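Student: First the structure, then my questions, so here it is.
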Amino acid sequence: MQNNTLKIGMLGFGAMGKAHAYSVANLPYFYGALPFIASIVGVCTSSLERARAAVSPYGLTAVACEDELIENPEVDIIDICTPNRLHCASICKALEAGKHILCEKPLGISAKEGAELAALAKASGKVCRVVFNNRFIPAVMRAKQLVDEGAIGDVLSFHAAYLHNSCLDPAKPAGWKQNADICGGGVLYDLGSHVIDLITHLCGPMAAVTGMEQIAFPSRAGMDGTPWVTNADEAFYLLAELACGARGTITVSKLSMGANDDLTFDIRGTKGAVRFSLMDTNYLDFYSAEAKGEPIGGLRGFTRIECVGRTPAPGGFFPSPKASVGWLRGHVGSMYAFLDAVHRGDTQSGPTFAQGAEINRIMSAAYRSAKSGCRVNLAEDNA
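In this note's numbering, the protein residues as written are -15 to 367.
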């Protein structure tokens, strides 16, 4: 049965919580007359005082405890934007209460936890998704179409990276995403989960991984500003083998001088190639080997596809399909896809908890590879 009124309880209201709240509030502008009405009925953070201070500019209601939202029979959806180690307990309670769930990445802090949560989600019959928002950027959606249509042929190789500069100053207090006790890992869990999802989403499953981690500053200021021993990777380098036979590299780093939010991928096949940069979000570069190379190069070369604000219906008309697109567009698209799935009762389309659990499995294997110095075959990996 379709649910036309969707009430959301939000856990956490940091940068991602604000991005989610923005997306919910602005869906009608981007998608027109929606077949559902979505609203955030309450927000819970680490304390009621912090929650009130955080949500007051946005006209939202703060609650003292997540159970007020999870146990509220009028709440349909629990939206989880809390630190990684808190995901599991909140998800279990929310599923027990019969809620649909949208959870920020990564799903869990281990392969075992991810698999358990995916199994619970499947048994629940509820719509449970992980926020891999970069899938919903127009240029990435176009890349997916081209790869699926066979426009680049069989994938042979890929190179992907997500680079930040946020760990270069050891005097700057560490954030929770740098603390393995809270995050479950380091930059691989934070930025790497996005990149691994994109490569598997575009190119297919991973078959084996070889990883190498880096801590450039073994001692730095901790979250409270006092000296702290760094306990999680600040950069991670991954050699990945896909089930289709392709080989490639994934680099994720918060040690990249000059970087901002530099997410890139470059995928090469037997008939063509696609490449993308989040810092140049409006365009997808596409190369076709079928273009004529003569005379004097003919029309062969990378073509810039002007994806800009064009998205599948019913989106793409605001502010204009010709208007430049920004980082938030991926979050708006992610939120629309999730809420539309809840409205239609679609538990199958992704990014599902099962897909999120697979990302956790790959990352866990990568960490074991980094510690052992050995390649990990995912088909034989039961850890």
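Here a beta-carbon is modelled for each residue, glycine too, at the ideal position from N, C-alpha and C.
Just so you know, these numbers come straight off a predicted model, no measurement behind them.
Should R34 be labelled buried (16 or more other beta-carbon atoms within 10 Å of its own) or exposed?
Tutor: Residue mapping note: residue 34 aligns to position 50 of the sequence shown, counting from 1. By the neighbour-count rule (16 or more Cβ atoms within 10 Å), R34 is not buried but exposed.
Student: Expressed to the nearest angstrom, what Euclidean distance is found between the alpha-carbon atoms of M263 and H148?
Tutor: Taking the sequence shown and counting its residues from 1, the one referred to as residue 263 is at position 279. Taking the sequence shown and counting its residues from 1, the one referred to as residue 148 is at position 164. Taking the straight line joining both Cα atoms gives about 12 Å.
Student: Have a look at Y320 and K355 and give me their C-alpha separation to the nearest angstrom.
Tutor: Your numbering for residue 320 matches position 336 in the sequence shown. Your numbering for residue 355 matches position 371 in the sequence shown. Taking the straight line joining both Cα atoms gives about 40 Å.
Student: If the criterion is Cβ atoms closer than 9 Å, does the pair Y267 and A145 meet it?
Tutor: To locate residue 267, count along the sequence shown from 1; it is residue 283. To locate residue 145, count along the sequence shown from 1; it is residue 161. No; because the gap between Cβ atoms is not below 9 Å, this pair is not in contact.
Student: Taking buried to mean at least 16 other C-beta atoms within 10 Å of its own C-beta, is P335 buried or exposed?
Tutor: Against the sequence shown, residue 335 aligns to sequence position 351. Burial call: buried.
Student: Between Y351, I121, A158, which lies nearest to G300 when the distance is taken from Cα to Cα?
Tutor: Taking the first residue of the sequence shown as 1, we reach residue 300 at position 316. Nearest of Y351, I121, A158 to G300, Cα basis: I121.
Student: If you measure between the beta carbons of K255 and A135, is that distance less than 9 Å?
Tutor: Taking the sequence shown and counting its residues from 1, the one referred to as residue 255 is at position 271. Taking the sequence shown and counting its residues from 1, the one referred to as residue 135 is at position 151. Yes; because the gap between Cβ atoms is below 9 Å, this pair is in contact.
Student: Mapping DSSP to helix, strand and coil, what is T194?
Tutor: On the sequence shown, residue 194 is found 210 positions in, with the first residue counted as 1. Correct three-state label for T194: strand.
Student: Once DSSP output is grouped into helix, strand and coil, what is the label at M0?
Tutor: Your numbering for residue 0 matches position 16 in the sequence shown. Three-state result, M0: helix.
Student: Return the Cβ separation of I62 and K83 in integer angstroms, given the expectation that the two are a contact with Cβ distance under 8 Å.
Tutor: Against the sequence shown, residue 62 aligns to sequence position 78. Against the sequence shown, residue 83 aligns to sequence position 99. Sure, about 5 Å apart at Cβ, within 8 Å.
Student: I think G176 touches I234, with their Cβ atoms under 8 Å apart; what is that distance to the nearest whole Å?
Tutor: The residue labelled residue 176 in the question sits at position 192 within the sequence shown. The residue labelled residue 234 in the question sits at position 250 within the sequence shown. Right, their Cβ atoms sit about 7 Å apart.
Student: T214: buried (16+ other C-beta within 10 angstroms of its C-beta) or exposed?
Tutor: Position 230 of the sequence shown, counting from 1, holds the residue named residue 214. Answer is buried; the Cβ neighbour count reaches 16.
Student: Roughly how many angstroms lie between the CA atoms of A105 and V171, to the nearest whole one?
Tutor: Position 121 of the sequence shown holds residue 105. Position 187 of the sequence shown holds residue 171. Computed Cα separation, rounded: 27 Å.
Student: Please name the residue in F249, L226, S308 whose C-alpha comes closest to that of V236.
Tutor: For the purposes of this step, residue 236 is taken as the residue at position 252 of the sequence shown. Nearest C-alpha to V236: F249.
Student: Rounded to whole angstroms, what's the CA-CA distance from W311 to T66? Just pull it up for me.
Tutor: The residue given as residue 311 occupies position 327 in the sequence shown. The residue given as residue 66 occupies position 82 in the sequence shown. So the two alpha carbons sit approximately 20 Å from each other.
Student: According to DSSP, M(-6) sits in a beta bridge with which residue or residues?
Tutor: For this step, residue -6 is matched to residue 10 along the sequence shown. Note: M(-6) sits in a beta bridge opposite V27, D63.
Student: Should the region 26 to 45 be called in touch with the region -10 to 3, which here means at least 3 C-beta pairs below 8 Å?
Tutor: Result yes; three or more Cβ-Cβ pairs closer than 8 Å.
Student: Take the Cβ of R231 as the centre, count every other Cβ of all protein chains shown within 10 Å, and call the residue buried at 16 or more, exposed below.
Tutor: The residue you call residue 231 lines up with position 247 of the sequence shown. By the neighbour-count rule (16 or more Cβ atoms within 10 Å), R231 is not buried but exposed.
Student: Please confirm if the region 179 to 187 is in contact with the region 199 to 214, defined as three or more CB-CB distances below 8 Å between the two stretches.
Tutor: Because the criterion of three Cβ pairs below 8 Å is not met, the region 179 to 187 and the region 199 to 214 do not touch.
Student: Please name the residue in E50, G169, K77, Q198 whose C-alpha comes closest to that of T29.
Tutor: If you number the sequence shown from 1, residue 29 lands on position 45. The shortest Cα separation from T29 among E50, G169, K77, Q198 belongs to E50.
Student: Starting from the N-terminal side, write out each stretch of the alpha helix (DSSP H) that is 4 residues or longer and does not extend beyond the region 255 to 341.
Tutor: Taking only runs of at least 4 residues, the alpha helix (DSSP H) segments lying wholly in the region 255 to 341 are 312 to 328.
Student: Over what stretch of residues does the alpha helix (DSSP H) that includes L91 continue unbroken?
Tutor: On the sequence shown, residue 91 is found 107 positions in, with the first residue counted as 1. Element bounds for L91: n/a, residue is neither H nor E.
Student: State whether the region 323 to 332 contacts the region 73 to 82, with contact taken as three or more CB pairs (one from each stretch) at a distance under 8 Å.
Tutor: Not touching, per the Cβ criterion.
Student: List the endpoints of the continuous beta strand (DSSP E) containing T233.
Tutor: Translated into positions along the sequence shown, residue 233 becomes position 249. Start and end: 231 to 237.
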